[in-house]
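Q: Counting with UniProt numbering, you get residues 1 to 234 for the letters of the sequence shown.
We put the beta carbon where it would ideally sit given N, CA and C, even for glycine.
Before anything else, here's the structure in question.
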Amino acid sequence: MKHNLIIIPGWGGTELLWKHQSEHLADIADITVKYFPDAETIEKMTEQLLKDAPEKFIICGHSLGGWVAQLAAIKAPHRVSHLIIMGSWTGDLNQEKRQYFEQWQHEIENDRLEHLLSEVNATSVLPSRSKDRSLMSTLVEGQAKFPRQGFLNQTKAMLNSQPTTLQLHKIECPTLIIYGRQDSAFTLETQQSLKSGIPSAKLAIIEDCGHMCHVEQPQAVTALLKFWLEDHLK
Numbered sequence: 001m002k003h004n005l006i007i008i009p010g011w012g013g014t015e016l017l018w019k020h021q022s023e024h025l026a027d028i029a030d031i032t033v034k035y036f037p038d039a040e041t042i043e044k045m046t047e048q049l050l051k052d053a054p055e056k057f058i059i060c061g062h063s064l065g066g067w068v069a070q071l072a073a074i075k076a077p078h079r080v081s082h083l084i085i086m087g088s089w090t091g092d093l094n095q096e097k098r099q100y101f102e103q104w105q106h107e108i109e110n111d112r113l114e115h116l117l118s119e120v121n122a123t124s125v126l127p128s129r130s131k132d133r134s135l136m137s138t139l140v141e142g143q144a145k146f147p148r149q150g151f152l153n154q155t156k157a158m159l160n161s162q163p164t165t166l167q168l169h170k171i172e173c174p175t176l177i178i179y180g181r182q183d184s185a186f187t188l189e190t191q192q193s194l195k196s197g198i199p200s201a202k203l204a205i206i207e208d209c210g211h212m213c214h215v216e217q218p219q220a221v222t223a224l225l226k227f228w229l230e231d232h233l234k
């Protein structure tokens, strides 16, 4: 019997950024990619997710989606069988990070979304790959159908939602944390804190890889997911 796997993309991401994983994991899971452009908090995103999700499911979240995935595992431990957190954090914002996202909000509200996306995408992969036209086009195409208001709502969500930091111990299911070694969005220390906070968590590091690891190193990410899921779904 196949398992249900729900993938939650990061900020502005859609199913187009998860083609490799969706295709090559289809033999072990029925895959749905969900995102919530209308929700202005992580809590509301999680509510929508749980309302529509199957009774039992595996969840994989990237970046902002990893925050949603954590909260789903905290809120519904009887429903989330396995958790995968990719290039993410608990939502804690230091002053620098808060100012960073406030600048995003300012850019979007002043009709500079295209400029913002260009900057964010260039820093979300290894510097040596930021000139890779094919890779950058893939990122742009994967964000093209996401509405402008959705980008604004998700930015507000990162600024206005409650961190999961103090609730990580409530996550009971097997958990895999995936991190690109050169991720410029979140530090390795942040991943190690996640691992320490979740009783069953394992941390896997992908070398020569930035924040958008599932797009930048799709084969490595898919192989890691397949190996881990097959091992835990025996």
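What does a CB cutoff of less than 6 angstroms around M45 pick up in its chain, not counting 5 residues either side in sequence?
A: Around M45: F36, A39 and V68.
Q: Determine, using beta carbons only, whether I177 and I59 come nearer to each other than 9 angstroms.
A: Contact flag unset, no.
Q: How many angstroms separate the CA atom of residue 239 from the CA atom of G91?
A: This structure does not reach residue 239, given that the chain is present from 1 up to 234, and the question cannot be answered.
Q: For C60, does the three-state DSSP call read helix, strand or coil?
A: Residue state, collapsed to three classes: strand.
Q: What would DSSP say about T41, mapped onto helix, strand or coil?
A: Three-state result, T41: coil.
Q: Which whole-angstrom value describes the C-beta separation of C173 and S81, a residue pair presumed to lie in contact below a C-beta threshold of 8 angstroms?
A: Contact flag correct, Cβ pair sits at about 6 angstroms.
Q: Can you give me the C-alpha to C-alpha distance between S22 and G10, rounded to a whole angstrom?
A: When rounded, the distance between both Cα atoms is 16 angstroms.
Q: Give the secondary structure of N4 by DSSP, where H, G and I count as helix, E and B as strand, and everything else as coil.
A: Here N4 sits in strand by DSSP.
Q: In whole angstroms, what is the alpha-carbon distance linking G12 and F146?
A: Between G12 and F146, the C-alpha separation is close to 6 angstroms.
Q: Should T123 and G210 be called a contact, given that it needs their Cβ atoms to be closer than 9 angstroms?
A: Contact: yes.
Q: Can the beta-carbon of residue 310 be found less than 9 angstroms from the beta-carbon of T155?
A: Past the edges of the chain, shown from 1 to 234, lies residue 310, and the structure says nothing about it.
Q: Can you check DSSP and say which residues form a bridge with G91?
A: For G91, which the question treats as bridged, DSSP gives no partner whatsoever.
Q: With a threshold of 8 angstroms, are at least 3 pairs of Cβ atoms found where one atom belongs to the segment 220–229 and the other to the segment 13–33?
A: Contact between the segment 220–229 and the segment 13–33 is present, because at least three Cβ pairs lie under 8 angstroms.
Q: Taking only three categories from DSSP, how would you classify A157?
A: Three-state result, A157: helix.
Q: Which residue from N110, I31, G66 and I74 puts its Cα closest to that of P54?
A: For P54, the nearest C-alpha among the options comes from I31.
Q: As an exercise, report each continuous alpha helix (DSSP H) stretch of at least 4 residues that is fully enclosed by the segment 129–193, in chain order.
A: Segments of the alpha helix (DSSP H) lying fully in the segment 129–193: 133–143 and 148–160.
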